[in-house]
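Residue numbers (full-length UniProt numbering): 1 to 311.
Think of the CB as a built atom: it goes at the ideal place given N, C-alpha and C, for glycine as much as any other residue.
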């Protein structure tokens with residue numbers, strides 16, 4: 001009996017140990033799942049906060065960039081202004097003669113960052129306020145209305161579209177097309193190139209079509225302007241527009257200036273005290289002649305005038 005009781009006690013003790021072990025295992029599995037869930041939640045929070053951190057760093061970099069730009073702009077605004085001048089002549093490798101209005105002409109030094117090969121007569125430049133050193137090359141000052149006169153698209157007209165003007169086509173080729181394509185022929189012969197042509201005749205006889213065909217075959221910048229646009233209300237405005245027109249033509253050379261309705265400014269000369277508005281028209285015409293055949297005349301600019309009368 002005693003041995004049976006011992007076996008039963010041992011069996012009960014073993015079962016009790018097994019139950020305790022199973023319970024402990026079950027509790028351990030529950031704790032593991034609990035902590036794994038917490039770890040997963042914390043990992044999600046870390047990823048979310050990392051994403052927010054990257055976003056905030058990007059915003060910080062963008063704001064820092066804006067702050068730097070504003071500081072640079074503020075520094076430029078606080079700097080003393082520069083004098084605006086016009087180059088008269090390049091003198092050597094480090095000096096130029098500049099005309100500053102209304103003070104006069106100065107021989108100034110060139111900053112090291114400036115490429116002297118880009119400095120030509122009539123170039124607008126900026127001079128430092130204190131040392132008069134040339135430190136910036138400015139773009140040409142051209143009226144927006146003058147910029148609109150430039151035809152962006154090359155005309156698609158050809159000589160084959162023009163009928164009955166064979167002699168005129170031959171002459172206009174010799175006067176405009178040949179000097180642009182083969183200037184060496186005129187240099188070898190020692191003769192001056194023609195400046196342009198005057199096309200006259202009734203409306204609808206092909207004057208504008210001829211000019212468009214020349215621009216197409218020469219592959220030049222085509223600038224179209226009406227003579228009536230140069231007749232301005234205020235004194236000197238028409239002459240200024242003519243000067244800026246030729247400045248733009250030089251920048252985009254070789255170029256052809258087609259001036260329609262030349263009769264509006266090409267009237268006969270009168271006495272200056274006539275009392276009407278012809279004096280301003282005459283100033284505009286004189287400026288046009290000066291640009292064509294003056295001191296700054298260019299062989300890469302050809303003019304084609306369109307009028308109804310030959311005089």
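Under the three-state reduction of DSSP, which class applies to residue i: helix, strand or coil?
i, result
"residue 133", "coil"
"residue 261", "coil"
"residue 344", "Since the first residue shown for the chain is 1 and the last is 311, residue 344 is missing from the structure and cannot be characterised."
"residue 108", "strand"
"residue 172", "helix"
"residue 382", "With the chain represented from 1 up to 311, any question about residue 382 goes unanswered, as that position is not in the structure."
"residue 114", "coil"
"residue 162", "coil"
"residue 191", "coil"
"residue 298", "coil"
"residue 119", "coil"
"residue 279", "helix"
"residue 293", "helix"
"residue 94", "coil"
"residue 65", "helix"
Mind reading off the beta-carbon distance from residue i to residue j? Whole number of angstroms is fine, and I expect it under 8 Å.
i, j, result
"residue 84", "residue 97", "About 15 Å; that fails the 8 Å criterion."
"residue 247", "residue 230", "Contact doesn't hold; Cβ gap of about 15 Å is too wide."
"residue 196", "residue 305", "7 Å"
"residue 265", "residue 249", "The Cβ separation is near 17 Å, so there is no contact."
"residue 210", "residue 162", "6 Å"
"residue 212", "residue 239", "Going by Cβ atoms, the distance from residue 212 to residue 239 rounds to 28 Å, so no, they are not a contact pair."
"residue 263", "residue 208", "In fact, because the Cβ distance is near 15 Å, the residues do not count as touching under 8 Å."
"residue 86", "residue 60", "At roughly 46 Å, the Cβ-Cβ gap does not stay under 8 Å, so residue 86 and residue 60 are not in contact."
"residue 82", "residue 128", "6 Å"
Considering residue i, what are the terminal residues of the alpha helix (DSSP H) in which it resides?
i, result
"residue 212", "207-218"
"residue 240", "237-251"
Exposed or buried, which one is residue i when buried takes at least 16 other CB atoms within 10 Å?
i, result
"residue 354", "Only positions 1 to 311 of the chain appear in this structure, which leaves residue 354 out of reach."
"residue 68", "exposed"
"residue 2", "Confidence in residue 2 is poor, its pLDDT being 49 and thus under 50, which makes the residue's placement too unreliable to answer from."
"residue 131", "exposed"
"residue 228", "exposed"
"residue 156", "exposed"
"residue 39", "exposed"
"residue 33", "exposed"
"residue 258", "buried"
"residue 117", "exposed"
"residue 70", "exposed"
"residue 307", "buried"
"residue 287", "buried"
"residue 291", "buried"
"residue 120", "exposed"
"residue 58", "exposed"
"residue 176", "buried"
"residue 50", "exposed"
"residue 199", "buried"
"residue 218", "buried"
"residue 192", "exposed"
"residue 280", "buried"
"residue 285", "buried"
"residue 221", "buried"
From which residue to which residue does the beta strand (DSSP E) around residue i run?
i, result
"residue 301", "301-307"
"residue 226", "221-226"
"residue 181", "Element bounds for residue 181: not the beta strand (DSSP E) but the alpha helix (DSSP H), 178-181."
"residue 138", "It is not in any beta strand (DSSP E) - residue 138 carries neither H nor E in the DSSP assignment."
"residue 196", "196-200"
"residue 86", "83-91"
May I ask you to check if the CB of residue i is nearer than 6 Å to at least one heavy atom of the ligand GTP?
i, result
"residue 66", "Absent from the structure shown: the ligand GTP. Ligands present: none."
Does the beta carbon of residue i come closer than 7 Å to any beta carbon on chain D?
i, result
"residue 202", "The structure shown contains no chain D; it is built from a single protein chain."
**OP:** Kindly confirm or deny that the region 60-69 and the region 96-113 touch, where touching means at least three C-beta pairs closer than 8 Å.
**Re:** By the criterion of at least three beta-carbon pairs nearer than 8 Å, the region 60-69 is not in contact with the region 96-113.
**OP:** Decide if the region 297-306 is in contact with the region 174-191; the criterion is three or more beta carbon pairs, one per stretch, under 8 Å apart.
**Re:** Verdict: yes, contact present.
**OP:** Decide yes or no for the touch test of the region 127-143 against the region 164-171: beta carbon pairs closer than 8 Å, at least 3 of them.
**Re:** These segments do not touch.
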